[in-house]
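Note sheet for the following structure.
In my numbering, the protein residues as written are 399 to 761.
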């Protein structure tokens, strides 16, 4: 059975042999917006079979091979460029879903590099039409309080988008901006003159209660979940999320035996009901507690916890390989955690454009 740490020998573009990690699940990416700015690069590297990745903590470059890849989780604020590439994934029998961060900070100019909200909502719908409902997850992330954005303002922004996505998504994932814990975020907000307000337990509960009520009253019936949050707000029907989620992978790729083997998942057919000895009654099909319904006649049982122990304490994501690089996202959001500075990000973006098919994102 393939493991997330498996290494294989590959041949680089230069003809040199090298060792590469060969992940089953790829995250693209928490570190930069690959779909928005590097989609062509990523799919070219996918076809060539590998890309290079530099560890942000020690500066060591290593290689990631895609020969074993069975599933990709995309993260983006503007995944429209993916549309022209999704057929290739289907042809290669590689599953995917998209974590689509669809915020509304237009009036406050906190996300100057993203397209207008109306265009982003239209992109969301186009992706759902292409991939199917459930494969595009709505994120409003992070929820930011400032001297110009109140809890009521945030709820109004969510209401506007939610009404338009009612028939296009199953879930809303959000997080509360934890500014003090992220030096880059704090520095970027202060540098850009944003007077932020830290969330506390009372304000989180107030927001969660109102969001839950809105979800019910407006008939959205979204699954609500938080990303990487310590606070327990399940009393409002809001769970802790797994953004790289093996449950979703089972739903969308349960026929992929290699992926199911990696996840240690047993896929079984629902047995037809058996007539009772009493003519007027029938026994219902027996589906084990905790089973994942993959299809009307198929369920799956996970045999292990696939949580990635290398992630933050309250992150529920399962094991994957992230292939992005920090300091490469030219969205230039005012609160960005992935860029040390806008100038560095723009410089690296220009380097990429000078060598758009190099094995590294930055050329």
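The C-beta atom is built at its ideal place from N, Cα and C for all residues, glycine as well. The structure presented is a predicted model; accordingly, all values stated were derived computationally and were not measured.
Burial of residue 501 is indicated by the presence of at least 16 other C-beta atoms within 10 angstroms of its C-beta. The DSSP-derived three-state label of residue 749 is helix. One Cα belongs to residue 735, the other to residue 510, and the distance between them is close to 15 Å.
Between residue 725 and residue 744, the CB-CB gap reaches or exceeds 7 Å. Three or more beta-carbon pairs drawn from the region 570-578 and the region 531-538 are found closer than 8 Å, and the two stretches are therefore classed as touching. Approximately 6 Å separates the beta-carbon atoms of residue 592 and residue 544; this is inside 8 Å, confirming the contact. One Cα belongs to residue 595, the other to residue 478, and the distance between them is close to 32 Å.
Runs of alpha helix (DSSP H) with 4 or more residues, each lying fully within the region 470-506, are found at 484-489, listed in chain order.
Nearest C-alpha to residue 531 among 602, 494, 708, 555: 494. If you compare the alpha carbons of 548, 636, 580, 554 with that of residue 601, the shortest gap goes to 548.
Annotated three-state conformation of residue 580 is coil, per DSSP.
The region 414-479 is shown to contain whole alpha helix (DSSP H) runs of 4 or more residues at 432-435, 437-446, in chain order. Distances from the CA of residue 499 to each of 460, 449, 490, 556 were compared; the closest alpha carbon is that of 556. Residue 664 is bridged by DSSP to 699. Rounded to whole angstroms, residue 508 and residue 442 show a C-alpha spacing of 32 Å.
Of the candidates 518, 692, 525, 606, the residue whose Cα lies closest to the Cα of residue 631 is 606. Burial state of residue 746 is buried, judged by a 10 Å Cβ sphere holding 16 or more other Cβ atoms. In this structure, residue 733 places its C-beta atom within 7 Å of the C-beta atom of residue 583. Each residue's CA atom was taken as its position, placing residue 652 and residue 661 some 10 Å apart. For residue 407, the enclosing beta strand (DSSP E) covers residues 405-409.
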